[in-house]
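Report on the structure given below.
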Ligand SMILES: [Zn+2]
Ligand SMILES: [Zn+2]
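This is the structure:
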């Protein structure tokens with residue numbers, strides 16, 4: 001913790017769901033299926049990723065890892081490889097792309113939710129609405145489809161950005 005609040009901080013009232021198996025344990029199980037070992041480096045990595053439920057990108061994670069006393073410098077390509085493995089293990093997932101960077105969030109130990117994404121300040125608002133799941137179930141039934149999960153991302157302007165006055169001087173006022 002003790003991480004500075006950034007504009008990427010999620011606005012959410014969702015509570016983490018309790019899970020029987022820890023993220024590290026789930027990661028270990030996945031690695032075993034890939035004939036890979038849980039190294040100390042991977043252990044630190046998964047620990048840091050699950051230290052807080054903030055949406056994060058690779059750069060933010062690199063920063064956090066470098067701030068750790070037990071962390072050592074790892075190459076960017078290693079970070080990306082670890083992230084991909086966590087994604088394949090079902091622990092994290094990509095959220096909408098903002099600019100040219102990928103944002104990640106926990107996909108394990110966190111309830112199903114959707115996002116409202118402000119295009120201007122890039123703030124993410126998490127919400128859960130049972131009606132969306134019900135509607136999707138209905139659509140899926142019509143197609144004989146079995147849903148395992150879904151993601152919905154709506155883009156637009158948040159309340160603050162809608163209201164923010166235009167900062168450019170208004171010519172009319174200068175006359
Ligand atoms: Zn906004
Ligand atoms: Zn989220």
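Numbering (the numbering used here), first residue to last: 1 to 175.
We put the CB at the ideal spot given by N, CA and C, even for glycine.
Close beta carbons around residue i, own chain, < 8 Å, minus the five adjacent residues each side
| i | result |
| --- | --- |
| residue 154 | 114, 115, 116, 117 |
| residue 149 | 112 |
Cα-Cα separation, residue i to residue j
| i | j | result |
| --- | --- | --- |
| residue 3 | residue 147 | Low confidence applies to residue 3: its pLDDT is 41, below 50, so where it sits in the model is not reliable enough to give any reading. |
| residue 93 | residue 102 | 10 Å |
| residue 62 | residue 50 | 14 Å |
| residue 100 | residue 58 | 12 Å |
Residues near residue i by beta carbon distance below 7 Å, same chain, minus five either side
| i | result |
| --- | --- |
| residue 7 | The predicted position of residue 7 is uncertain, since its pLDDT is 45 and thus under 50; a value taken from the coordinates is nonetheless stated next. Counting only Cβ-Cβ distances below 7 Å, and skipping sequence neighbours, we find 121, 122, 123. |
| residue 16 | 53, 109, 110 |
| residue 70 | 44 |
In DSSP terms, what residue i is bridged to
| i | result |
| --- | --- |
| residue 56 | 104 |
| residue 93 | 105 |
| residue 114 | 127 |
| residue 154 | 116 |
Anticipated Cβ contact below 8 Å, residue i with residue j, distance rounded
| i | j | result |
| --- | --- | --- |
| residue 42 | residue 27 | 7 Å |
Residues near residue i by beta carbon distance below 6 Å, same chain, minus five either side
| i | result |
| --- | --- |
| residue 86 | 92 |
| residue 161 | 118, 120, 121 |
The region 19-30 / the region 120-137 touching (three or more Cβ pairs under 8 Å): With the cut-off at 8 Å, the region 19-30 and the region 120-137 do not touch.
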